[in-house]
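Read left to right, the sequence shown gives residues 0 to 341 (numbering that gives the first Met the number 0).
Worksheet for the structure shown next.
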Amino acid sequence: MRNVVGKSHVFLLGAGASIAALPKGDKNGRFLPNLKNVSEFLDLTDEIKSYGLNAYSEDFEALYSYIYDKGQFDSLKSKIEKGVRDYFEKIDLPDEVNLYDNLLFSLRKKDIIASFNWDPLLIKAYERNYKFKDYLPNIVFLHGNVWHNYCEKDDLLFPKSTMCPKCGAKSNDLPILFPVEHKDYNSDFLIKGSWDSLRASLKDHFLFTIFGYSGPKTDIEARSLLKDAWDQNAVKEFADTEIIDIKSKTEIEENWDEFLYSHHYSIYQEIEEGYSFIFPRRSCEALFSLTQMLEHWPENRFPKFDKLSQLHDWIQPLLEDEKRVENNPQEDFEYKAVLYKK
C-alpha cells in the first residue's frame, strides 16, 4: 500500500459541478449558468440580437469567441465581461453543508482540485473550512476566478472578501479567461502557475476525476496541456479515470477517448458514485486495494449533515489517523471508515 500513498487524486471541475452543487439555487435563490446560456442570465439576449448576432444568442462560447477581436463589438464585449463579474461575485453558498464542503474533505493535501469555473463557491467553501487548511487539497483556477485576489508584494493569493494577510493590501480584480477558440494560458502568470500545478499532479496521479467539464474539442490548448501531462504518467496502465457527467455513455466515451486507458475508467452521473465520496480521503488507497490487491474496503459515504460542525466532528478520526501515518511512515491507515452515530 505504501507505494500509492503519495500518488495524487486529481479532480477537474467544470460548470456542471457548480450547477450540481446548487440544484435549488444559491443562498439568495440565484442559479448558475452553463457556458451556453450565460447571456440569458446576464439579461443581454435582446442587446445581442440588436447587433445582428441572433445566431449566437443561445451559445455564449461561440458568441464571445466571435466578437473577441472585432472592434465594432467592443461595447458589447465590455458589458459581457462586467456582467460576468457582477453576476458571479454575488453567488453564495447556502448555510448548510454543501457538495463543495464534502469535496474539500474528500481529498487530502497531496491531491488537487483544478477548476475551470469563475464562480466563488470553491473558495467560499475553503474559507469556511479554513481551520482545516493543513488537511485540505491544493486548489487552482485554470480560467481565473472572480473571488481571487493577489498581493504582488507578498506573492500571496487570498479571497476577494479579505485583505492580504501580511500587508493588508487589497488587489484589483484578477484576469479571467473568456471562451475564445485559442486561449493563451501563458500570458498571465497566475493562470500559468495553475496549469503548471495541474500538469505536475497529472504526471503523478493514480486517480483522475472529471466532474461537469465537457472538454470541448474547440479548446485545443486546454486539451493539449491535459493530454501531454496525462501521457507522461508512469503508472497510467494502473491508474483510473472517472467521468461524472449527465451526458450519455457513448457521447462521453467519444469525447474523452484519448484519456481512457483500456478498461480503466468509470462513468457516473453523480459525484456520490465516485471513489472520493465512497472512500473520503482514502480514494487512491481504496482503488489500489481493489484493483491491485483484490481487496474491498468498507464504504464510508458522507452522512447527510446540515451543520458544518457535524461534518468536522465526523471527519476528525480520519485526520488524526493521517497525522499518525505522517509521523510513522512505515505504518498504514487504520481508519478506512468511520461509524457515525447521530
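Each residue gets a CB set at the ideal place from its N, CA and C atoms; glycine is no exception.
- In the displayed model, N171 falls within coil according to three-state DSSP, outside both helix and strand.
- Given a length threshold of 3 residues, each whole run of the beta strand (DSSP E) inside the stretch 60 to 129 is given here in chain order: 111 to 114.
- According to the DSSP assignment, S308 belongs to no beta strand (DSSP E) but to the alpha helix (DSSP H) extending over L307 to N326.
- According to DSSP, residue pairing for S265 in a beta bridge involves E241.
- When DSSP states are grouped into helix, strand and coil, C150 belongs to the strand group.
- Assigned with DSSP and collapsed to three states, T217 falls in coil, not helix or strand.
- Of the other Cβ atoms in all chains shown, fewer than 16 fall within 10 Å of the Cβ of D183; this residue is therefore exposed.
- Put simply, the backbone Cα of I122 is about 7 Å away from that of W146.
- By the Cβ neighbour-count rule, F115 is buried, with 16 or more other Cβ atoms within 10 Å of its own.
- The C-beta of Y86 has 16 or more other C-beta atoms within 10 Å across all chains shown, which makes the residue buried.
- Here K235 has Y260 as same chain residues with Cβ atoms under 6 Å from its own Cβ, once five neighbours each way along the sequence are excluded.
- Taking 8 Å as the cut-off, the beta carbon of E241 is found no closer than this to the beta carbon of Y212.
- Minimum Cα-Cα distance from E272 among the listed residues S105, L52, C166 and N185 corresponds to S105.
- Distance from the CA of S38 to the CA of A168, rounded to the nearest whole angstrom, comes to 34 Å.
- With contacts defined by Cβ atoms closer than 8 Å, G15 and L41 do not form a contacting pair.
- Distances from the alpha-carbon of S160 to those of K89, I79 and L189 put K89 closest.
- Taking the Cα positions, M162 is about 21 Å away from F188.
- Our two residues, N53 and I47, have alpha carbons roughly 7 Å apart in a direct line.
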